[in-house]
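A.B. asks: What follows is a structure written as structure tokens; I'll ask about it next.
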Amino acid sequence: MTDLLGNLDVLESCGGTVADLERQLESIPLAIAELEAKLEQFRDATMTARESLEQAEQERRSSEGQLQELESQREKFEGQTALVKTNHEYTALLSEIETATLRIAETEDKILTAMERIENETAALEAIEREERQGETELGKEIDARKREFTEAEASLELRRGEREVLVGRLPPDARSVYDRVLTRHADPVSRILRGCCGSCHFDVPFEIINRLMQGDLRVCPHCARILVESKD
Ligand SMILES: [Zn+2]
0 MTDLLGNLDV LESCGGTVAD LERQLESIPL AIAELEAKLE QFRDATMTAR
50 ESLEQAEQER RSSEGQLQEL ESQREKFEGQ TALVKTNHEY TALLSEIETA
100 TLRIAETEDK ILTAMERIEN ETAALEAIER EERQGETELG KEIDARKREF
150 TEAEASLELR RGEREVLVGR LPPDARSVYD RVLTRHADPV SRILRGCCGS
200 CHFDVPFEII NRLMQGDLRV CPHCARILVE SKD
């Protein structure tokens, strides 16, 4: 194997690693965003449950206020029964008292329903808060792990890019200009031939090209234009 092809051979694996790391650096922030969105869902669920509980408490308070009002109203009517002078007035007053009693019973029912709802909503909120705490712990760990992966990938990428620069520096000028040109289109400018196909774009590589390659010539894939290197076996 000539120096040129030897260097390209090493560049193939190095370029592959650089491309992998670049892909990783692109995908990790997306994964983190997804995890953060899940965290947000937990927070939203807790907030909705809390709001629902507050609403039930508000309902109970307002019904209790109504109940007090109705009870004092009824007391007032009851006090007036001793003062009425006509039968007609008395009947009217009794009807008022009856209506107030009916509304009191309705309001008491409402309070009971609200209290039941408060009890259920409190239990639901506690369960949701537990889930949120658990989710925060688990997702927090995952997010931290992804962030560490990102930092590591960044460091590795810098290292690999440095290595690649050294390898590219060793290429003859014409090979180097081809390499630089392909690099503007593909993060992995060198592709290994696998079973007669370009390992990157998977199209067939004509036999003449493989032949020239085996003679030590620099050849590019006719489909994706990556620099080709021979298969390892
Ligand atoms: Zn190709």
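Quick note, the sequence shown lines up with residues 0 to 232 if you use numbering that gives the first Met the number 0. Think of the CB as a built atom: it goes at the ideal place given N, C-alpha and C, for glycine as much as any other residue. A quick note: this is a predicted structure, and the numbers were derived from the prediction, not measured.
Going by the DSSP bridge assignment, what does R191 pair with across the sheet?
C.D. replies: Paired residue(s): V228.
A.B. asks: For ligand 1, is there any heavy atom lying closer than 6 Å to the beta carbon of H185?
C.D. replies: Every heavy atom of ligand 1 is 6 Å or more from the Cβ of H185, so no.
A.B. asks: Which residues bound the alpha helix (DSSP H) around F41?
C.D. replies: Counting along the chain, the alpha helix (DSSP H) containing F41 begins and ends at D2 to Q79.
A.B. asks: Taking C-alpha atoms, which residue in V167, R73 and I192 lies nearest to V181?
C.D. replies: Checking every option, the nearest Cα to that of V181 belongs to V167.
A.B. asks: Can the beta-carbon of T45 be found less than 7 Å from the beta-carbon of E128?
C.D. replies: Yes. Within cutoff.
A.B. asks: Run through DSSP, which three-state label would D203 get?
C.D. replies: Correct three-state label for D203: strand.
A.B. asks: Evaluate contact between the segment 186-205 and the segment 215-226, counting only Cβ atoms and requiring at least three cross-stretch pairs below 8 Å.
C.D. replies: With a cut-off of 8 Å, the segment 215-226 and the segment 186-205 count as touching, because enough Cβ pairs lie within range.
A.B. asks: Please say whether A186 and A18 have beta carbons closer to each other than 7 Å?
C.D. replies: Going by C-beta atoms, A18 is nearer than 7 Å to A186.
A.B. asks: Would you be able to state if there are at least three C-beta pairs under 8 Å between the segment 89-103 and the segment 57-71?
C.D. replies: Short answer: they touch.
A.B. asks: What do you reckon, is the C-beta of S230 under 6 Å from a heavy atom of ligand 2?
C.D. replies: Inclusion of ligand 2 in the displayed structure is not the case, the ligand content consisting of ligand 1 alone.
A.B. asks: Per DSSP, V219 forms a beta bridge with which residues?
C.D. replies: Answer by DSSP bridge pairing, in chain order: I226.
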